[in-house]
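Structure first, then comments.
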Amino acid sequence: MTLALYNTLTRRVEPFAPLASPRVTLYTCGPTVWNHAHIGNFRTFLFEDLLRRHLAYSGYDVFHIMNLTDVDDRTIKAAAAAGKRLDEHTAPFVQAFFEDRDYLRITPAHVYPRATESVPAMVRLVERLLERGVAYKGDDGSMYFAIAKFPTYGRLSRLDTRELKLGARVASDEYTKDDPRDFALWKKAEPTDEQVGAAWDAPFGRGRPGWHLECSAMSLEQIGKCCRTETLDIHAGGVDLIFPHHEDEIAQSEAATGKPFARFWLHGEFLNVRGTKMSKRFGNFLTARDLRDQGVDAAAVRLLFWQTHYRKGLDFSDEALAAAGAGVKRLGEFYERVKRETGNGKREGRLADLAAKFETEFRSALDDDLNAPRACAALFELVHEGNAALDAGASGAAAALGVLDRAMAVLDVLPTTKTVDTELARWIAGRIAARDKARRSKDFKEADRIRAELTAKGVEIEDTPSGTTWRLV
RNA sequence: GGCGCCGUAGCCAAGUGGUAAGGCAGAGGUCUGCAAAACCUCUAUUCGUCGGUUCGAUUCCGACCGGCGCCUCCA
Numbered sequence: 057m058t059l060a061l062y063n064t065l066t067r068r069v070e071p072f073a074p075l076a077s078p079r080v081t082l083y084t085c086g087p088t089v090w091n092h093a094h095i096g097n098f099r100t101f102l103f104e105d106l107l108r109r110h111l112a113y114s115g116y117d118v119f120h121i122m123n124l125t126d127v128d129d130r131t132i133k134a135a136a137a138a139g140k141r142l143d144e145h146t147a148p149f150v151q152a153f154f155e156d157r158d159y160l161r162i163t164p165a166h167v168y169p170r171a172t173e174s175v176p177a178m179v180r181l182v183e184r185l186l187e188r189g190v191a192y193k194g195d196d197g198s199m200y201f202a203i204a205k206f207p208t209y210g211r212l213s214r215l216d217t218r219e220l221k222l223g224a225r226v227a228s229d230e231y232t233k234d235d236p237r238d239f240a241l242w243k244k245a246e247p248t249d250e251q252v253g254a255a256w257d258a259p260f261g262r263g264r265p266g267w268h269l270e271c272s273a274m275s276l277e278q279i280g281k282c283c284r285t286e287t288l289d290i291h292a293g294g295v296d297l298i299f300p301h302h303e304d305e306i307a308q309s310e311a312a313t314g315k316p317f318a319r320f321w322l323h324g325e326f327l328n329v330r331g332t333k334m335s336k337r338f339g340n341f342l343t344a345r346d347l348r349d350q351g352v353d354a355a356a357v358r359l360l361f362w363q364t365h366y367r368k369g370l371d372f373s374d375e376a377l378a379a380a381g382a383g384v385k386r387l388g389e390f391y392e393r394v395k396r397e398t399g400n401g402k403r404e405g406r407l408a409d410l411a412a413k414f415e416t417e418f419r420s421a422l423d424d425d426l427n428a429p430r431a432c433a434a435l436f437e438l439v440h441e442g443n444a445a446l447d448a449g450a451s452g453a454a455a456a457l458g459v460l461d462r463a464m465a466v467l468d469v470l471p472t473t474k475t476v477d478t479e480l481a482r483w484i485a486g487r488i489a490a491r492d493k494a495r496r497s498k499d500f501k502e503a504d505r506i507r508a509e510l511t512a513k514g515v516e517i518e519d520t521p522s523g524t525t526w527r528l529v
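Heads up, the first sequence stops at 529 in the working numbering, and the numbers go up one at a time, no gaps.
Structural data, given as structure tokens:
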């Protein structure tokens, strides 16, 4: 069984193999740092995290690039509205993005190129396109890409067979572009751009990069640096980027290099709220820090997302999140139980067999276009059967722990361990001792009173044959 | 108008041309002083509707109903 991924380019699930195995070059469209990213944005970043981790689990050496769009229409507009310079406005949001990423346990990319720091590469790309005769200057002084010169334009989004909705892109730029579908590579500097410091000199005029140009230039620059290639193995993003963003990236990059830009295009579906996509525009969004401040365990968010396939819409609700939280708790209980058992018994045994069966299914599920819901089902089956086996005194826990650890390196959905200061730990130990004493003397009223006291402090206790255990909830 | 996606139990959600994974919630039971955790049993004769193909369809085809996305620098 080998990894197969759905490629938007072919609209099929295809066997995946990198160009220069074991190295995999992965470029994922990062956030636009005009504001806080919401958890809909993070659904895509989490899907990419799953991809990244499964590639690593599969033995590949992934080089992951995620750009930061720190200059575009929205960042400029937001900076101007705040009366700040562009970098002044975006810096806190970059910082916040990294904090949110860490909260959600997303593996950091190897590089985070910023648009504002990659302008020379963008200028060079435009010059290359000018040399190739596919770029031109419009009447308004901006540089445009001539899609008429790029015959395969529309291959990704199947645009070749579709018509543009009248008025959508046509009207406003009718007199500046040769073809209404041509898109801006470089936008002539406007007063607002100068005001916030978002304008650069270029041989073809002072201005700023178009959004699509940014991603092409940054990805080509980074894979050139790290891997001396001009073709990405995988390029990923949200479905809304298929057109025009990724279509335009392909046009620019391939027109300039003459080589395929990316071999696999992966797109994650939206996070919805009552059926409609989560969006800043609709005001129906929630940020990662909102969840963090509510005390939501990131593991619950991850499990919630894993339980729906990445190419399917997922409706976000507090109920769904709570259900995932309960699942995370169950996983945590099982993991701790297996860990406790590793001291006893042999490496072989029923538990080891179950774990081996699980790992086969786990791998095959993720190999099948990252079918995380199936992988989770296998995981919970292991929990169920493993618990039953442990109840029956099975051995093999050490082997099972190894398998679990490998699976968790991909899914990472174990409950966040809460840190306890020694003073609190001492107090809890004292209370439990007092309760045990009461229980031994059959003073259950007092025992229950102490338990209530602990519960009030968020301490959950459990009486087992080998004594009372506790955890913070 | 063009391109595309989705509709499976109370909720969430996999899946396959041969008779429905998993999670949450719920009911009963075992264990427990009581709990908790865990286990056992139960909870869709049925996969939006109607047709068609087939020995057989939830799965393929068509129509319809319902929900949604992109075509406006949205993950």
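C-beta atoms are modelled at their ideal positions from N, C-alpha and C, and glycine is treated no differently.
These numbers were taken from a predicted model, which means no experiment stands behind them.
To which residues of the same chain is V182 closer than 8 Å at the C-beta, ignoring the five residues directly before and after it? A191, M199, L241, W242, A258, F260 and L269
Mind the definition here: the region 513-529 touches the region 476-489 only if three or more C-beta pairs lie below 8 Å; say whether that holds. yes
Considering only the beta carbon of each residue, do P74 and D289 sit closer than 8 Å? yes
How many Å lie between R214 and L65 at the Cα? 9 Å
Given that a residue counts as buried once 16 or more other Cβ atoms are within 10 Å of its Cβ, and exposed if not, what is N63? buried
Nearest-angstrom Cα distance between D105 and R491? 45 Å
In the structure shown, what three-state DSSP assignment does A388 receive? Correcting the residue type first, residue 388 is Gly in the shown sequence and not Ala. Helix at G388.
Taking the straight line between their C-alpha atoms, what separation do you get for R403 and D519? 27 Å
Just to confirm the assignment: which complete alpha helix (DSSP H) runs, minimum length 4, are found wholly within the region 227-256? 247-252
Exposed or buried, which one is V469 when buried takes at least 16 other CB atoms within 10 Å? buried
Exposure of V118, with buried meaning 16 or more beta-carbon neighbours within 10 Å: buried
Flag this pair as yes or no: are the beta carbons of L377 and V352 separated by less than 8 Å? yes
Give the single residue among K498, L426 and T475 whose Cα lies nearest to the Cα of P71. L426
Starting from E518, follow the beta strand (DSSP E) in both directions and report where the run begins and ends. V515 to T520
Classify D143 as helix, strand or coil using the three-state DSSP reduction. helix
Return helix, strand or coil for E70, following the three-state DSSP convention. strand
Which value, in whole angstroms, describes the spacing of the CA atoms of G442 and L360? 22 Å
Just checking, does the region 166-178 make contact with the region 199-213 on the three C-beta pairs under 8 Å criterion? no
For a test of the three-state rule: what should DSSP assign to V127, helix, strand or coil? coil
Look at the alpha carbon of N123 and the alpha carbon of G388, and state the distance between them as a whole number of angstroms. 34 Å
Per DSSP, what are the beta-bridge partners of L327 in this structure? L370
Roughly how many angstroms separate the alpha carbons of E310 and E144, rounded to a whole number? 35 Å
Would W362 pass as a contact of L467 if the rule is Cβ separation under 8 Å? yes
For L222, which residues from the same chain have a beta carbon less than 7 Å from its beta carbon, with the 5 sequence-adjacent residues on both sides left out? Confidence at L222 is low in this model, with a pLDDT of 43, below 50, so the placement of that residue should be treated as unreliable; the coordinate-derived value is given next. Closer than 7 Å at the Cβ level, and outside the excluded window around L222, lies no residue.
What residue does the beta strand (DSSP E) around Y25 start on, and which one ends it? Absent from the structure is residue 25, since the part of the chain shown begins at 57 and ends at 529.
If contact is defined by three or more beta carbon pairs under 8 Å, each pair taking one atom from either stretch, is the region 133-149 in contact with the region 99-116? no
Considering Cα atoms alone, identify which of A152, A455 and V384 is closest to N91. A152
The ligand FMN and A494: does any heavy atom of the ligand fall closer than 7 Å to the residue's C-beta? What this structure holds is no ligand at all, so the ligand FMN is not there to describe.
According to DSSP, is N443 part of a helix, a strand, or is it coil? helix
CA-CA distance, E392 and A412? 19 Å
Under the three-state DSSP convention, the category M122 falls into: strand
Residues near C432 by beta carbon distance below 6 Å, same chain, minus five either side: W362 and Q363
In the DSSP assignment, find the unbroken alpha helix (DSSP H) run with G511 in it and report its ends. The sequence shown places Thr at residue 511, not Gly. It spans F500 to A512 - the alpha helix (DSSP H) in which T511 sits, taken as one unbroken run.
What residue range is occupied by the uninterrupted alpha helix (DSSP H) comprising G280? W267 to C283
Which of helix, strand or coil DSSP assigns to D289: strand
Looking only at C-alpha atoms, which of E397, L480 and D238 sits nearest to G458? E397
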